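Enquirer:
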Ligand SMILES: Cc1cc2nc3c(=O)[nH]c(=O)nc-3n(C[C@H](O)[C@H](O)[C@H](O)COP(=O)(O)OP(=O)(O)OC[C@H]3O[C@@H](n4cnc5c(N)ncnc54)[C@H](O)[C@@H]3O)c2cc1C
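Numbering (the numbering used here), first residue to last: 4 to 369.
(1) Per DSSP, residue 42 forms a beta bridge with which residues?
(2) Taking buried to mean at least 16 other C-beta atoms within 10 Å of its own C-beta, is residue 351 buried or exposed?
(3) Could you tell me the alpha carbon to alpha carbon distance between residue 86 and residue 111, rounded to whole angstroms?
(4) I need the straight-line Cα distance from residue 3 to residue 8, nearest angstrom please.
(5) Please state the DSSP three-state secondary structure of residue 344.
(6) Applying the 10 Å Cβ sphere with the 16-neighbour rule, what's the burial state of residue 62?
(7) For residue 95, is the beta carbon positioned less than 8 Å from some heavy atom of ligand 1?
(8) Could you check whether the stretch 139-156 touches the stretch 84-100, counting it as contact only if at least three pairs of C-beta atoms, one from each stretch, sit closer than 8 Å?
(9) For residue 318, which beta-bridge partners are listed by DSSP?
(10) Report yes if the C-beta distance between residue 11 and residue 49 is below 9 Å; otherwise report no.
(11) Which residues mark the beginning and the end of the alpha helix (DSSP H) in which residue 267 is found?
(12) Which residue wins for smallest C-alpha separation from residue 234, given the options 257, 259, 320, 155?
(13) One question on the structure: do residue 295 and residue 241 come within less than 9 Å of each other, judged by their Cβ atoms?
(14) Taking 9 Å as the threshold (C-beta atoms), are residue 256 and residue 92 in contact?
(15) Measure how close the beta-carbons of residue 258 and residue 138 come, nearest whole angstrom, since I'm counting them as under 8 Å.
(16) Do you know how far the Cα of residue 193 is from the Cα of residue 274?
(17) With respect to 8 Å, is the separation between the Cβ of residue 298 and the closest non-hydrogen atom of ligand 1 below this value?
(18) Assign residue 36 to one of two classes, buried (16 or more other C-beta atoms within 10 Å of its C-beta) or exposed (fewer than that).
(19) Distance, Cα to Cα, residue 365 vs residue 20?
(20) If you draw a straight line from the C-alpha of residue 165 to the C-alpha of residue 156, how long is it?
(21) Answer yes or no: do residue 15 and residue 44 have a C-beta to C-beta separation smaller than 9 Å?
(22) Given a cut-off of 9 Å, decide if residue 341 and residue 211 are closer than it, judged by their beta-carbon atoms.
(23) Could you pull the DSSP bridge partners for residue 183 from this structure?
(24) Name, in chain order, the residues that DSSP records as bridge partners for residue 8.
(25) Check whether the Cβ of residue 354 sits closer than 8 Å to any heavy atom of ligand 1, and report yes or no.
(26) Taking the alpha carbon of residue 289 as the point to measure from, which residue in 297, 299, 278 has its own alpha carbon closest?
(27) Use the C-beta contact count for residue 4: other C-beta atoms within 10 angstroms, 16 or more gives buried, fewer gives exposed.
(28) For residue 149, which residues does DSSP report across the bridge?
(29) DSSP three-state call for residue 129: helix, strand or coil?
(30) Rounding to the nearest angstrom, what Cα-Cα distance links residue 73 and residue 180 in this structure?
(31) Is there at least one non-hydrogen atom of ligand 1 closer than 8 Å to the beta-carbon of residue 89?
(32) How long is the line joining the alpha carbons of residue 176 and residue 202, rounded to whole angstroms?
(33) If we ignore side chains and look at the alpha-carbon of each, how far apart do residue 109 and residue 354 end up?
(34) In the structure shown, what three-state DSSP assignment does residue 113 receive?
(35) Applying the criterion that 16 or more other CB atoms from any shown protein chain within 10 Å of the CB defines a buried residue, is residue 285 buried or exposed?
(36) Within the same chain, show all residues whose beta-carbon is closer than 7 Å to that of residue 56, passing over the 5 residues directly before and after it, in chain order.
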């Protein structure tokens, strides 16, 4: 049996371990230094802007399209297998339109999406007021409604992927850190092959390796001739609770405007986020409370009833952003025959997890 190790049990590594668990003849080990979904995935809001994204062709759109399709089968498949429910908001995503924006680009996108089999609707102010009476700002002139885009709980999804993988025979090792990748040079070539990984609990012999370690991917490749350069971009978010449900109780889509998401959770609770904070010249990155306050104020400016909400919790996470190449990184580590990289998903890891897992599966196993 071919032994594949996957380093990282965030949404990416968990999705890969699950997808590979469906391939016959593999022995799979999934390793994380913490518990699953402790990294960037643990902070994510799970807003899956596929149809609403401005990407219409090439690799970026292909990944989105593949994820949109795979999510449709993956969610019921995992729920049946694991007997765990995965919270998914199927009421779509509503992108607010502001007075200064032109509608022309949206009209073009709608035509393209229609040809791709997706539905996007332009709502005028009257429609928006009727469907979402809690949106109230004089600069908002309408919205784009995307009924096929989803929001999913990233932590619950990752846990279900890990459980599903484990039921399918994947050996899950959590609380173990991979310290080093040991390789030798293949005879008569300059290509290297990894044959074992050193961990805090001893060495593990492997045939194939997938590095899906988010920000941890940089130290793992540091000794290779072309190490990855993935840097953190911090994001803060908050959870609030209201006394009274705003808007229409039967229609609670994710609302997004000016890069701020308002994510309904049920029980009159919402996630609001997220900030986008880059490291300083020294590479340091410390969350700035005033930026989270600004995000909250923006959300209140769209939806004034949020003013009365009680803040239940705040948190931050660090998104893995590649330097010098586009996100995400899904390719071989140069000069290695058997190391695949699935990392650097920056702001779209939850969206792109199913497509990434399929790409890794296809890479090796067709
Ligand atoms: C506030 C916020 C909001 C976001 N909202 C969204 C959103 O709405 N939609 C969306 O699609 N994306 C969103 N994202 C982005 C998304 O969270 C990331 O793109 C995604 O989680 C990356 O997943 P990952 O599995 O690659 O990384 P991670 O979740 O960081 O997982 C990497 C794992 O590798 C492990 N690891 C690292 N090094 C080692 C080692 N040496 N040995 C063993 N284990 C190791 C870590 O412990 C970690 O568990 C958001 C991010 C933030 C911060």
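Here a beta-carbon is modelled for each residue, glycine too, at the ideal position from N, C-alpha and C. On a predicted model such as this, the values are computed, not experimentally measured, just so you know.
Expert: If we stick to the structure as given:
(1) In the chain shown, the residue the question calls residue 42 occupies position 39. Beta-bridge partners of residue 42 (DSSP): none assigned.
(2) Residue numbering aside, residue 351 sits at position 348 when the chain shown is read from its first letter. Buried: at least 16 other Cβ atoms inside 10 Å.
(3) Residue 86 sits at position 83 when you count from the first residue of the chain shown. Residue 111 sits at position 108 when you count from the first residue of the chain shown. Note on geometry: alpha-carbon atoms of residue 86 and residue 111 lie some 42 Å from one another.
(4) Because the chain here runs from 4 to 369, residue 3 falls outside it and cannot be looked at.
(5) Stepping through the chain shown from its first residue, residue 344 is reached at position 341. In the three-state reduction of the DSSP assignment, residue 344 falls in the strand class.
(6) As a working mapping, residue 62 is identified with position 59 in the chain shown. Residue 62 should be labelled exposed.
(7) For this step, residue 95 is matched to residue 92 along the chain shown. The answer is no for residue 95.
(8) Below 8 Å, enough C-beta pairs join the stretch 139-156 and the stretch 84-100 to call them touching: three or more.
(9) Reading the chain shown from its first residue, position 315 is the one you call residue 318. Answer is 240, bridged to residue 318.
(10) Numbered from 1 along the chain shown, position 8 holds the residue referred to as residue 11. Numbered from 1 along the chain shown, position 46 holds the residue referred to as residue 49. With a cutoff of 9 Å on beta-carbon distance, residue 11 and residue 49 are scored as not near each other.
(11) Locating residue 267 in the chain shown gives position 264, where the first residue counts as 1. Going by DSSP, residue 267 is part of no alpha helix (DSSP H) but of the beta strand (DSSP E) stretching over 263-269.
(12) Walking along the chain shown from the start, residue 234 turns up at place 231. Comparing Cα-Cα distances from residue 234 to each of 257, 259, 320, 155, the minimum goes to 320.
(13) Along the chain shown, read from residue 1 onward, the residue named residue 295 stands at position 292. Along the chain shown, read from residue 1 onward, the residue named residue 241 stands at position 238. Judged by beta-carbon spacing, residue 241 lies within the 9 Å limit of residue 295, meaning their Cβ atoms are closer than that value.
(14) For the purposes of this step, residue 92 is taken as the residue at position 89 of the chain shown. For the purposes of this step, residue 256 is taken as the residue at position 253 of the chain shown. Pairing residue 92 with residue 256 gives a Cβ-Cβ distance under 9 Å.
(15) The sequence position of residue 258 within the chain shown is 255, counting from 1. The sequence position of residue 138 within the chain shown is 135, counting from 1. Contact holds; Cβ gap of about 7 Å.
(16) Residue mapping note: residue 274 aligns to position 271 of the chain shown, counting from 1. Residue mapping note: residue 193 aligns to position 190 of the chain shown, counting from 1. Straight-line measurement puts the Cα of residue 193 at about 50 Å from the Cα of residue 274.
(17) Here residue 298 corresponds to residue number 295 of the chain shown, with the count starting at 1. Every heavy atom of ligand 1 is 8 Å or more from the Cβ of residue 298, so no.
(18) For the purposes of this step, residue 36 is taken as residue 33 along the chain shown, with counting starting at 1. Per the 10 Å Cβ criterion, buried.
(19) Here residue 365 refers to the residue found at position 362 of the chain shown. Here residue 20 refers to the residue found at position 17 of the chain shown. Each residue's alpha carbon lies about 13 Å from the other.
(20) Walking along the chain shown from the start, residue 165 turns up at place 162. Walking along the chain shown from the start, residue 156 turns up at place 153. So the alpha carbons of these two residues sit roughly 14 Å apart.
(21) Taking the chain shown and counting its residues from 1, the one referred to as residue 15 is at position 12. Taking the chain shown and counting its residues from 1, the one referred to as residue 44 is at position 41. Between residue 15 and residue 44, the gap from beta carbon to beta carbon is short of 9 Å.
(22) Locating residue 211 in the chain shown gives position 208, counting from the first residue. Locating residue 341 in the chain shown gives position 338, counting from the first residue. Cβ distance < 9 Å, so residue 211 and residue 341 count as in contact.
(23) Within the chain shown, numbered from 1, the residue matching residue 183 stands at position 180. According to DSSP, residue 183 bridges with 201.
(24) In the chain shown, counting from the first residue as 1, residue 8 sits at position 5. In DSSP, residue 8 forms a bridge with 32, 212.
(25) Here the question's residue 354 lines up with position 351 in the chain shown. Because some heavy atom of ligand 1 lies under 8 Å away, the Cβ of residue 354 counts as near it: yes.
(26) Reading the chain shown from its first residue, position 286 is the one you call residue 289. Scanning 297, 299, 278 for the CA closest to the CA of residue 289 turns up 278.
(27) By 1-based counting over the chain shown, the position of residue 4 is 1. Residue 4 is exposed by the Cβ-count criterion.
(28) Position 146 of the chain shown, counted from the first residue, corresponds to residue 149. Beta-bridge pairing links residue 149 to 96.
(29) Within the chain shown, residue 129 is the residue found at index 126, counting from 1. Looking at residue 129 - three-state DSSP - the assignment turns out to be helix.
(30) Reading the chain shown from its first residue, position 70 is the one you call residue 73. Reading the chain shown from its first residue, position 177 is the one you call residue 180. Looking at the two C-alpha atoms, the distance is approximately 30 Å.
(31) Counted from its first residue, the chain shown places residue 89 at position 86. False, no ligand heavy atom lies under 8 Å from that Cβ.
(32) In the chain shown, residue 176 corresponds to position 173, counting from 1. In the chain shown, residue 202 corresponds to position 199, counting from 1. Residue 176 and residue 202 have their C-alpha atoms spaced approximately 11 Å apart.
(33) The residue you call residue 109 lines up with position 106 of the chain shown. The residue you call residue 354 lines up with position 351 of the chain shown. Spanning the two alpha carbons is a distance of roughly 21 Å.
(34) Here residue 113 is taken as the residue at index 110 of the chain shown, counted from 1. Correct three-state label for residue 113: helix.
(35) Working through the chain shown from its first residue, we reach residue 285 at position 282. Burial state of residue 285 is exposed, judged by a 10 Å Cβ sphere holding fewer than 16 other Cβ atoms.
(36) Residue numbering aside, residue 56 sits at position 53 when the chain shown is read from its first letter. Counting only residues of its own chain and dropping the five nearest sequence neighbours on each side, residue 56 has a CB closer than 7 Å to the CB of 67.
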